[in-house]
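Reading through the C-alpha coordinates given below for one structure.
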Amino acid sequence: MPVYDAEDIVELRNRSLRRKRRIRFLIFLLVAMTAFTLYVTRSAWMPKIKGIGKHYSTIVNSGKLAEGNFPIGVSEEGSCQLRQTGGKVIVLTDVEVFFYNTDGALMRKHQHAYTNAVLRAADGRALIYEHGGNDMCIEDEEGTLYKKHFSKSIMFARISKEGYAAVVTASDNYDCEINVYDSTGKWIYERKCMEHVNDLCFTDKSGGCVISSIKAENGKLVTTAQAFSFSKGEDKWVSAGLDTFGLEVYGFKDGAFVLGIDACGYIDTSGQISSYYRYDGDLIGGASKGGKSAVIVNNDDRRKYIMALFSDGSSQPLIVELDEPSVDVSIYDGLAYVMCTDEMRAYDFDGSLRSTAAISDSYSGFVRSKDYIFLKGYNKIDRIDYES
22 MPVYDAEDIV ELRNRSLRRK RRIRFLIFLL VAMTAFTLYV TRSAWMPKIK GIGKHYSTIV
82 NSGKLAEGNF PIGVSEEGSC QLRQTGGKVI VLTDVEVFFY NTDGALMRKH QHAYTNAVLR
142 AADGRALIYE HGGNDMCIED EEGTLYKKHF SKSIMFARIS KEGYAAVVTA SDNYDCEINV
202 YDSTGKWIYE RKCMEHVNDL CFTDKSGGCV ISSIKAENGK LVTTAQAFSF SKGEDKWVSA
262 GLDTFGLEVY GFKDGAFVLG IDACGYIDTS GQISSYYRYD GDLIGGASKG GKSAVIVNND
322 DRRKYIMALF SDGSSQPLIV ELDEPSVDVS IYDGLAYVMC TDEMRAYDFD GSLRSTAAIS
382 DSYSGFVRSK DYIFLKGYNK IDRIDYES
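In our numbering, the protein residues as written are 22 to 409.
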(Lines of atoms letter the chains of each structure in order from A and count residues from 1; the text may use other names and numbers.)
(Lines give C-alpha, C1' and ligand atoms only; values in the text may rest on other atoms or scores of the structure.)
Protein backbone atom coordinates (compact mmCIF):
# COMPACT_ATOMS: atom_id res chain seq x y z
CA MET A 1 0.00 0.00 0.00
CA PRO A 2 1.53 3.35 -1.09
CA VAL A 3 2.38 5.90 1.55
CA TYR A 4 1.73 9.61 0.82
CA ASP A 5 3.23 12.48 2.72
CA ALA A 6 1.46 15.80 3.32
CA GLU A 7 2.89 17.43 0.17
CA ASP A 8 1.65 14.56 -1.99
CA ILE A 9 -1.84 14.86 -0.56
CA VAL A 10 -1.90 18.61 -1.24
CA GLU A 11 -0.69 18.06 -4.82
CA LEU A 12 -3.32 15.40 -5.46
CA ARG A 13 -6.02 17.72 -4.15
CA ASN A 14 -4.81 20.58 -6.36
CA ARG A 15 -4.81 18.33 -9.40
CA SER A 16 -8.37 17.31 -8.65
CA LEU A 17 -9.47 20.92 -8.31
CA ARG A 18 -7.75 21.90 -11.58
CA ARG A 19 -9.40 18.98 -13.36
CA LYS A 20 -12.84 20.05 -12.07
CA ARG A 21 -12.20 23.64 -13.17
CA ARG A 22 -11.17 22.47 -16.65
CA ILE A 23 -14.32 20.34 -16.94
CA ARG A 24 -16.54 23.24 -15.83
CA PHE A 25 -14.79 25.55 -18.30
CA LEU A 26 -15.24 23.06 -21.16
CA ILE A 27 -18.93 22.67 -20.29
CA PHE A 28 -19.36 26.43 -20.22
CA LEU A 29 -17.52 26.77 -23.55
CA LEU A 30 -19.69 24.05 -25.12
CA VAL A 31 -22.91 25.72 -23.93
CA ALA A 32 -21.73 29.12 -25.19
CA MET A 33 -20.78 27.72 -28.60
CA THR A 34 -24.12 25.93 -28.88
CA ALA A 35 -26.04 29.09 -27.99
CA PHE A 36 -24.03 31.12 -30.50
CA THR A 37 -24.62 28.55 -33.24
CA LEU A 38 -28.38 28.48 -32.54
CA TYR A 39 -28.49 32.28 -32.66
CA VAL A 40 -26.62 32.50 -35.97
CA THR A 41 -28.79 29.80 -37.59
CA ARG A 42 -32.09 30.95 -36.07
CA SER A 43 -33.59 31.81 -39.48
CA ALA A 44 -33.31 28.16 -40.46
CA TRP A 45 -34.76 26.45 -37.37
CA MET A 46 -37.19 28.97 -35.87
CA PRO A 47 -39.89 28.59 -38.59
CA LYS A 48 -39.91 24.84 -37.99
CA ILE A 49 -40.96 25.20 -34.35
CA LYS A 50 -43.54 27.97 -34.79
CA GLY A 51 -46.28 25.43 -35.22
CA ILE A 52 -45.39 23.41 -32.10
CA GLY A 53 -48.35 23.36 -29.75
CA LYS A 54 -50.82 24.05 -32.59
CA HIS A 55 -51.97 20.76 -34.05
CA TYR A 56 -55.07 20.15 -36.08
CA SER A 57 -56.60 16.96 -37.30
CA THR A 58 -57.82 17.12 -40.89
CA ILE A 59 -61.61 17.44 -41.05
CA VAL A 60 -63.19 15.29 -43.74
CA ASN A 61 -66.51 16.82 -44.78
CA SER A 62 -69.04 14.58 -46.45
CA GLY A 63 -69.46 16.76 -49.53
CA LYS A 64 -73.12 15.83 -49.61
CA LEU A 65 -75.13 18.22 -51.76
CA ALA A 66 -77.88 20.21 -50.08
CA GLU A 67 -81.47 19.52 -51.00
CA GLY A 68 -84.62 21.62 -50.66
CA ASN A 69 -84.07 24.81 -52.68
CA PHE A 70 -80.88 23.38 -54.15
CA PRO A 71 -79.65 23.10 -56.75
CA ILE A 72 -80.45 26.60 -57.95
CA GLY A 73 -81.06 26.35 -61.69
CA VAL A 74 -79.36 28.76 -64.07
CA SER A 75 -81.08 29.03 -67.45
CA GLU A 76 -78.18 30.62 -69.34
CA GLU A 77 -75.75 27.72 -69.34
CA GLY A 78 -72.27 28.60 -68.14
CA SER A 79 -72.75 32.38 -68.31
CA CYS A 80 -73.76 33.26 -64.74
CA GLN A 81 -71.62 35.17 -62.25
CA LEU A 82 -71.72 34.15 -58.58
CA ARG A 83 -70.94 36.23 -55.46
CA GLN A 84 -71.60 35.87 -51.74
CA THR A 85 -71.81 38.75 -49.27
CA GLY A 86 -73.62 39.54 -46.05
CA GLY A 87 -75.43 36.21 -45.86
CA LYS A 88 -76.71 36.58 -49.41
CA VAL A 89 -75.91 34.67 -52.58
CA ILE A 90 -76.06 36.87 -55.67
CA VAL A 91 -76.31 35.45 -59.19
CA LEU A 92 -76.04 37.55 -62.34
CA THR A 93 -77.10 36.21 -65.73
CA ASP A 94 -77.21 37.94 -69.10
CA VAL A 95 -80.67 39.34 -68.37
CA GLU A 96 -81.38 39.13 -64.60
CA VAL A 97 -79.87 39.46 -61.15
CA PHE A 98 -81.04 37.15 -58.33
CA PHE A 99 -80.68 37.52 -54.56
CA TYR A 100 -80.93 34.32 -52.49
CA ASN A 101 -80.42 33.65 -48.80
CA THR A 102 -77.97 30.92 -47.81
CA ASP A 103 -80.81 28.37 -47.73
CA GLY A 104 -81.42 29.01 -51.42
CA ALA A 105 -84.72 30.86 -50.95
CA LEU A 106 -85.23 33.59 -53.55
CA MET A 107 -85.32 37.05 -51.95
CA ARG A 108 -85.54 39.15 -55.11
CA LYS A 109 -84.95 39.00 -58.83
CA HIS A 110 -84.57 41.95 -61.13
CA GLN A 111 -84.21 42.25 -64.87
CA HIS A 112 -81.38 44.44 -66.13
CA ALA A 113 -80.78 45.85 -69.59
CA TYR A 114 -76.96 45.81 -69.57
CA THR A 115 -74.89 44.31 -72.34
CA ASN A 116 -71.68 42.66 -71.07
CA ALA A 117 -72.88 43.05 -67.47
CA VAL A 118 -70.31 42.49 -64.70
CA LEU A 119 -71.08 41.72 -61.06
CA ARG A 120 -69.12 42.78 -57.98
CA ALA A 121 -70.40 42.44 -54.41
CA ALA A 122 -69.58 43.62 -50.89
CA ASP A 123 -71.39 45.02 -47.84
CA GLY A 124 -74.45 42.94 -48.75
CA ARG A 125 -74.76 44.88 -52.01
CA ALA A 126 -74.32 44.11 -55.68
CA LEU A 127 -72.51 46.50 -57.99
CA ILE A 128 -73.54 45.83 -61.59
CA TYR A 129 -71.95 47.70 -64.46
CA GLU A 130 -71.95 47.55 -68.22
CA HIS A 131 -68.42 46.84 -69.43
CA GLY A 132 -67.80 49.17 -72.36
CA GLY A 133 -71.17 50.83 -71.72
CA ASN A 134 -72.25 53.89 -69.76
CA ASP A 135 -74.33 52.65 -66.83
CA MET A 136 -73.87 51.14 -63.39
CA CYS A 137 -76.13 50.53 -60.40
CA ILE A 138 -76.01 49.41 -56.78
CA GLU A 139 -78.64 46.83 -55.77
CA ASP A 140 -79.62 44.84 -52.71
CA GLU A 141 -82.44 42.44 -51.88
CA GLU A 142 -84.80 45.38 -51.26
CA GLY A 143 -84.28 47.18 -54.56
CA THR A 144 -82.05 49.58 -56.48
CA LEU A 145 -80.13 51.88 -54.15
CA TYR A 146 -78.84 54.21 -56.86
CA LYS A 147 -77.78 54.40 -60.50
CA LYS A 148 -75.09 56.32 -62.36
CA HIS A 149 -74.77 57.22 -66.03
CA PHE A 150 -71.45 58.26 -67.55
CA SER A 151 -70.71 60.10 -70.76
CA LYS A 152 -67.63 57.93 -71.37
CA SER A 153 -67.51 54.14 -71.50
CA ILE A 154 -66.91 52.21 -68.28
CA MET A 155 -63.66 50.24 -68.13
CA PHE A 156 -64.41 48.64 -64.76
CA ALA A 157 -65.90 49.35 -61.33
CA ARG A 158 -65.23 48.16 -57.77
CA ILE A 159 -67.15 48.19 -54.46
CA SER A 160 -65.72 48.19 -50.94
CA LYS A 161 -66.89 46.43 -47.78
CA GLU A 162 -68.05 49.86 -46.53
CA GLY A 163 -70.29 50.23 -49.58
CA TYR A 164 -68.15 52.78 -51.47
CA ALA A 165 -67.97 52.44 -55.26
CA ALA A 166 -65.22 53.43 -57.70
CA VAL A 167 -65.87 53.66 -61.43
CA VAL A 168 -63.02 53.89 -63.96
CA THR A 169 -64.01 55.34 -67.33
CA ALA A 170 -62.35 56.32 -70.58
CA SER A 171 -61.42 59.98 -71.09
CA ASP A 172 -60.91 62.43 -73.96
CA ASN A 173 -57.78 64.11 -72.61
CA TYR A 174 -56.42 61.46 -70.24
CA ASP A 175 -55.91 57.74 -70.33
CA CYS A 176 -58.81 57.27 -67.91
CA GLU A 177 -60.75 58.89 -65.06
CA ILE A 178 -61.67 57.56 -61.62
CA ASN A 179 -64.83 58.65 -59.82
CA VAL A 180 -65.58 57.50 -56.26
CA TYR A 181 -68.96 57.51 -54.48
CA ASP A 182 -69.83 56.91 -50.84
CA SER A 183 -72.37 54.36 -49.63
CA THR A 184 -75.27 56.73 -50.39
CA GLY A 185 -74.13 57.42 -53.95
CA LYS A 186 -72.69 60.86 -53.18
CA TRP A 187 -69.66 61.75 -55.32
CA ILE A 188 -66.55 62.26 -53.15
CA TYR A 189 -63.45 62.02 -55.37
CA GLU A 190 -62.18 62.32 -58.94
CA ARG A 191 -58.78 61.50 -60.41
CA LYS A 192 -57.64 62.02 -63.99
CA CYS A 193 -54.95 59.47 -64.84
CA MET A 194 -52.14 59.71 -67.36
CA GLU A 195 -51.41 56.00 -66.96
CA HIS A 196 -53.51 53.02 -68.04
CA VAL A 197 -55.24 51.86 -64.82
CA ASN A 198 -56.21 48.20 -65.01
CA ASP A 199 -57.35 47.52 -61.43
CA LEU A 200 -58.26 49.25 -58.17
CA CYS A 201 -58.93 48.24 -54.57
CA PHE A 202 -60.05 50.24 -51.56
CA THR A 203 -57.86 50.69 -48.48
CA ASP A 204 -58.00 52.49 -45.11
CA LYS A 205 -61.68 51.70 -44.53
CA SER A 206 -62.52 53.25 -47.92
CA GLY A 207 -60.50 56.36 -47.14
CA GLY A 208 -58.22 55.70 -50.11
CA CYS A 209 -57.23 53.11 -52.65
CA VAL A 210 -54.42 51.38 -54.50
CA ILE A 211 -54.39 51.32 -58.29
CA SER A 212 -52.28 49.25 -60.66
CA SER A 213 -51.15 50.44 -64.09
CA ILE A 214 -49.47 48.91 -67.12
CA LYS A 215 -46.61 50.69 -68.81
CA ALA A 216 -43.60 49.99 -71.04
CA GLU A 217 -40.22 49.93 -69.33
CA ASN A 218 -36.94 48.93 -71.03
CA GLY A 219 -38.82 47.45 -73.95
CA LYS A 220 -41.26 45.30 -71.93
CA LEU A 221 -44.56 45.70 -70.14
CA VAL A 222 -44.42 46.08 -66.36
CA THR A 223 -46.99 46.78 -63.66
CA THR A 224 -46.69 49.64 -61.21
CA ALA A 225 -48.91 50.38 -58.23
CA GLN A 226 -49.63 53.55 -56.32
CA ALA A 227 -51.58 54.34 -53.19
CA PHE A 228 -53.39 57.57 -52.40
CA SER A 229 -55.97 59.03 -50.05
CA PHE A 230 -59.27 60.52 -51.19
CA SER A 231 -58.82 63.44 -48.77
CA LYS A 232 -55.28 64.36 -49.88
CA GLY A 233 -53.97 65.20 -53.31
CA GLU A 234 -50.55 63.56 -53.06
CA ASP A 235 -49.68 59.90 -53.46
CA LYS A 236 -48.70 57.86 -50.41
CA TRP A 237 -46.28 55.81 -52.48
CA VAL A 238 -45.55 54.83 -56.07
CA SER A 239 -43.97 51.46 -56.76
CA ALA A 240 -41.16 50.28 -58.94
CA GLY A 241 -42.17 48.32 -62.02
CA LEU A 242 -43.07 44.69 -61.36
CA ASP A 243 -41.98 42.41 -64.20
CA THR A 244 -45.39 41.04 -65.19
CA PHE A 245 -48.63 42.09 -66.84
CA GLY A 246 -50.78 42.76 -63.79
CA LEU A 247 -54.32 41.44 -63.62
CA GLU A 248 -55.44 42.37 -60.10
CA VAL A 249 -54.14 44.42 -57.19
CA TYR A 250 -54.94 43.91 -53.50
CA GLY A 251 -54.05 46.59 -50.97
CA PHE A 252 -53.45 46.13 -47.24
CA LYS A 253 -51.87 48.17 -44.46
CA ASP A 254 -48.30 47.08 -45.27
CA GLY A 255 -48.50 47.69 -49.03
CA ALA A 256 -50.05 45.78 -51.92
CA PHE A 257 -50.09 42.42 -53.65
CA VAL A 258 -50.05 42.34 -57.46
CA LEU A 259 -51.35 39.25 -59.24
CA GLY A 260 -49.91 39.07 -62.74
CA ILE A 261 -50.38 36.83 -65.72
CA ASP A 262 -47.01 35.08 -65.34
CA ALA A 263 -45.71 36.31 -61.96
CA CYS A 264 -46.87 37.98 -58.75
CA GLY A 265 -45.27 40.07 -56.05
CA TYR A 266 -45.60 42.30 -53.01
CA ILE A 267 -44.89 46.01 -52.79
CA ASP A 268 -44.10 47.60 -49.43
CA THR A 269 -45.14 51.04 -48.15
CA SER A 270 -42.01 52.65 -49.60
CA GLY A 271 -42.91 51.40 -53.07
CA GLN A 272 -40.20 48.75 -53.19
CA ILE A 273 -40.77 45.19 -54.37
CA SER A 274 -40.48 43.06 -51.23
CA SER A 275 -41.32 39.65 -52.70
CA TYR A 276 -41.53 38.26 -56.25
CA TYR A 277 -42.54 34.86 -57.63
CA ARG A 278 -42.63 33.68 -61.26
CA TYR A 279 -44.96 30.80 -62.11
CA ASP A 280 -43.86 27.48 -63.55
CA GLY A 281 -47.03 26.87 -65.53
CA ASP A 282 -50.33 28.56 -66.30
CA LEU A 283 -52.03 30.86 -63.80
CA ILE A 284 -55.47 29.51 -62.89
CA GLY A 285 -56.42 31.98 -60.16
CA GLY A 286 -55.32 33.99 -57.17
CA ALA A 287 -56.72 35.60 -54.05
CA SER A 288 -55.41 37.93 -51.35
CA LYS A 289 -56.86 39.21 -48.09
CA GLY A 290 -55.22 41.08 -45.23
CA GLY A 291 -51.78 40.54 -46.72
CA LYS A 292 -52.17 36.76 -47.05
CA SER A 293 -52.23 35.52 -50.63
CA ALA A 294 -52.75 32.27 -52.51
CA VAL A 295 -52.00 31.55 -56.18
CA ILE A 296 -52.82 28.34 -58.08
CA VAL A 297 -50.80 27.25 -61.11
CA ASN A 298 -51.28 24.24 -63.40
CA ASN A 299 -48.54 22.83 -65.59
CA ASP A 300 -50.38 20.23 -67.66
CA ASP A 301 -47.34 19.28 -69.75
CA ARG A 302 -45.43 18.21 -66.63
CA ARG A 303 -48.58 17.18 -64.75
CA LYS A 304 -47.50 19.51 -61.97
CA TYR A 305 -50.15 21.38 -60.00
CA ILE A 306 -49.29 23.71 -57.12
CA MET A 307 -50.66 26.35 -54.79
CA ALA A 308 -48.26 29.07 -53.65
CA LEU A 309 -49.06 30.49 -50.21
CA PHE A 310 -47.75 33.86 -49.02
CA SER A 311 -48.22 34.51 -45.30
CA ASP A 312 -47.17 38.18 -45.48
CA GLY A 313 -45.68 40.83 -47.71
CA SER A 314 -42.03 39.89 -47.27
CA SER A 315 -42.14 36.11 -47.40
CA GLN A 316 -41.25 33.81 -50.23
CA PRO A 317 -44.04 31.41 -51.15
CA LEU A 318 -44.68 28.11 -49.43
CA ILE A 319 -45.43 25.64 -52.22
CA VAL A 320 -48.22 23.11 -51.72
CA GLU A 321 -48.18 20.34 -54.29
CA LEU A 322 -51.60 19.22 -55.48
CA ASP A 323 -52.24 15.79 -56.94
CA GLU A 324 -54.84 16.98 -59.44
CA PRO A 325 -55.54 20.15 -61.46
CA SER A 326 -56.83 23.16 -59.55
CA VAL A 327 -59.91 25.10 -60.61
CA ASP A 328 -60.45 28.04 -58.23
CA VAL A 329 -59.00 29.56 -55.05
CA SER A 330 -60.24 31.85 -52.29
CA ILE A 331 -59.21 33.11 -48.84
CA TYR A 332 -61.69 33.10 -46.00
CA ASP A 333 -61.12 33.56 -42.25
CA GLY A 334 -57.35 33.08 -42.50
CA LEU A 335 -57.45 29.89 -44.58
CA ALA A 336 -56.72 29.26 -48.25
CA TYR A 337 -59.45 27.27 -50.03
CA VAL A 338 -58.61 25.52 -53.27
CA MET A 339 -61.02 23.67 -55.52
CA CYS A 340 -59.44 20.80 -57.41
CA THR A 341 -61.07 18.58 -59.98
CA ASP A 342 -62.54 16.14 -57.46
CA GLU A 343 -62.02 17.75 -54.07
CA MET A 344 -62.31 20.96 -52.07
CA ARG A 345 -59.46 21.62 -49.61
CA ALA A 346 -58.60 24.21 -46.98
CA TYR A 347 -55.02 24.93 -45.87
CA ASP A 348 -53.33 26.94 -43.15
CA PHE A 349 -50.69 29.33 -44.41
CA ASP A 350 -48.05 27.04 -42.96
CA GLY A 351 -49.20 24.47 -45.52
CA SER A 352 -51.16 22.24 -43.13
CA LEU A 353 -54.25 20.60 -44.61
CA ARG A 354 -57.18 21.62 -42.40
CA SER A 355 -60.20 20.11 -44.17
CA THR A 356 -61.44 18.41 -47.31
CA ALA A 357 -64.68 17.57 -49.09
CA ALA A 358 -65.23 15.34 -52.10
CA ILE A 359 -66.81 16.97 -55.16
CA SER A 360 -69.07 14.73 -57.17
CA ASP A 361 -69.71 16.93 -60.20
CA SER A 362 -67.89 19.30 -62.53
CA TYR A 363 -67.73 22.89 -61.22
CA SER A 364 -66.03 26.02 -62.50
CA GLY A 365 -65.82 27.99 -59.26
CA PHE A 366 -67.07 28.48 -55.72
CA VAL A 367 -67.75 31.04 -52.98
CA ARG A 368 -67.36 30.50 -49.23
CA SER A 369 -69.76 31.63 -46.51
CA LYS A 370 -69.61 31.03 -42.77
CA ASP A 371 -71.08 27.53 -42.86
CA TYR A 372 -71.28 26.59 -46.52
CA ILE A 373 -69.50 26.44 -49.82
CA PHE A 374 -71.55 27.30 -52.90
CA LEU A 375 -70.44 25.53 -56.06
CA LYS A 376 -70.91 27.04 -59.50
CA GLY A 377 -71.82 24.40 -62.05
CA TYR A 378 -72.52 24.50 -65.76
CA ASN A 379 -76.20 25.34 -65.35
CA LYS A 380 -76.76 25.19 -61.61
CA ILE A 381 -75.47 26.24 -58.18
CA ASP A 382 -75.04 23.60 -55.47
CA ARG A 383 -74.30 23.94 -51.77
CA ILE A 384 -72.34 21.75 -49.37
CA ASP A 385 -71.86 22.04 -45.62
CA TYR A 386 -68.21 22.77 -44.87
CA GLU A 387 -66.40 22.74 -41.54
CA SER A 388 -62.78 23.77 -41.44
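Ideal placement from N, C-alpha and C gives every residue a C-beta, glycine not left out.
DSSP state of residue i mapped onto helix, strand, coil
i      : result
Ile159 : strand
Val95  : coil
Phe57  : helix
Phe49  : helix
Arg324 : coil
Lys226 : helix
Ile44  : helix
Thr362 : coil
Asp406 : strand
Ile340 : strand
Gly334 : coil
Gln247 : strand
Met176 : strand
His152 : coil
Short Cβ contact (8 Å threshold) for residue i with residue j
i      : j      : result
Gly164 : Thr106 : no
Ile175 : Glu160 : no
Phe273 : Gly312 : yes
Thr136 : Glu117 : no
Gly334 : Tyr287 : yes
Ser181 : Ser227 : yes
Thr58  : Arg375 : no
Leu356 : Asp344 : no
Straight-line Cα distance separating residue j from residue i
i      : j      : result
Phe91  : Ala315 : 30 Å
Glu162 : Gln337 : 42 Å
Glu198 : Ser172 : 12 Å
Lys71  : Lys213 : In this predicted model, Lys71 has a pLDDT of only 48, less than 50, meaning its place in the structure is not dependable enough to derive any value.
Asp371 : Ala126 : 38 Å
Ser83  : Asp392 : 14 Å
Gly206 : Arg324 : 49 Å
Ala53  : Leu339 : 33 Å
Met157 : Asn200 : 12 Å
Leu42  : Thr55  : Sequence inspection shows Arg at residue 42; the Leu mentioned does not correspond to that position. Distance between the alpha carbons of Arg42 and Thr55 is about 20 Å.
Cβ-based neighbour list, residue i, same chain, cut-off 6 Å, excluding 5 preceding and 5 following
i      : result
Pro346 : Asn319, Tyr326, Thr362
Ala87  : Arg404
Ala142 : Arg104, Thr106, Ile111
Ala308 : Ala315, Val350, Ser351, Ile352
Tyr271 : Cys222, Phe278, Ser309
Glu342 : Ile327
Tyr202 : Ala186, Trp208
Gly302 : Val318, Asn319, Asn320
Close beta carbons around residue i, own chain, < 8 Å, minus the five adjacent residues each side
i      : result
Ser385 : Gly99, Val348, Asp349, Lys397, Gly398, Tyr399
Ala284 : Leu263, Asp264, Thr265, Tyr297, Tyr298, Arg299, Tyr300
Asp289 : Asp275, Gly276, Ser295, Gly334, Ser335
Contacts around residue i, its chain only, beta-carbon distance under 7 Å, and the 5 residues preceding and following it disregarded
i      : result
Ser235 : The question names Ser, yet the displayed sequence has Ile at residue 235. Answer for Ile235: His217, Asn219, Leu242, Thr244, Phe266, Gly267, listed in chain order.
Val81  : Thr377
Leu140 : Gln102, Arg104, Ile111, Leu113, Ala147, Ile149
Identity of the residue in the options nearest residue i by Cα
i      : options                        : result
Ser390 : Val259, Asp115, Thr123         : Thr123
Ile380 : Lys169, Ile394, Ala138         : Ile394
Ser373 : Leu330, Tyr121, Phe119         : Leu330
Glu211 : Ala357, Ser233, Val188         : Val188
Gly292 : Ser233, Gly108, Phe49          : Ser233
Lys470 : Ser409, Phe387, Tyr407, Glu408 : Only positions 22 to 409 of the chain appear in the structure, and residue 470 is not among them; the question remains open.
Glu408 : Ala367, Ser332, Asn155         : Ala367
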